[in-house]
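Going by the working numbering, the first residue of the sequence shown is number 3, and it counts up by one from there. Cβ coordinates follow ideal geometry from the N, Cα and C atoms, glycine included. In what follows, a structure is listed as structure tokens, so that the remarks can point back to it.
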Amino acid sequence: LNAAPVRARARESLEGAEVLTSRAALHPAIWVGGLPPFRRKFRPSLAWRLALVGEGRHDAMLTVRPAWEWDIAAGALIAEEAGARVTDAEGRPLRFNAPSARSAGVIAAAEPLHGAILGRLRGPGGAAASA
3 LNAAPVRARA RESLEGAEVL TSRAALHPAI WVGGLPPFRR KFRPSLAWRL
53 ALVGEGRHDA MLTVRPAWEW DIAAGALIAE EAGARVTDAE GRPLRFNAPS
103 ARSAGVIAAA EPLHGAILGR LRGPGGAAAS A
């Protein structure tokens, strides 16, 4: 940023983490053990959220709703180049130019926080799948 390298924040726990997300991710039913004690922040653009994670201004971003690839591709690249892991909400790598232009949500965070988020989400890739 402005000729200086950017780096995603390395954080271990969801507790107290700054997570860029919408209200849909605050529903306790999507989390194993209820809503984790993170601090929710909101920005309207998925690409902006991803870029802010890559810049290190926030710990993670999460959307549990389907996301169009053109809304996330550039931001995902910024976040990944800055050291964040970026997957769909089921933990699968994002695929662009695939038959479907939508991803099953997005999680972006440096490890081990990415794994902590994925481990608490209910669904095919989350903790409920392995329980």
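- V66: not part of any alpha helix (DSSP H); DSSP gives it neither H nor E.
- Secondary structure at V55: helix, using DSSP grouped into helix, strand and coil.
- A residue is called buried once 16 or more other Cβ atoms fall within 10 Å of its Cβ, and R122 is buried on that count.
- If you look at I119, you'll find it in the alpha helix (DSSP H) that goes L115 to R122.
- By the criterion of a C-beta distance shorter than 6 Å, E71 is surrounded in its chain by F98 and A103, once the five residues flanking it on both sides are discounted.
- Separation of A111 and V88 (C-alpha to C-alpha, rounded to the nearest whole angstrom) is 7 Å.
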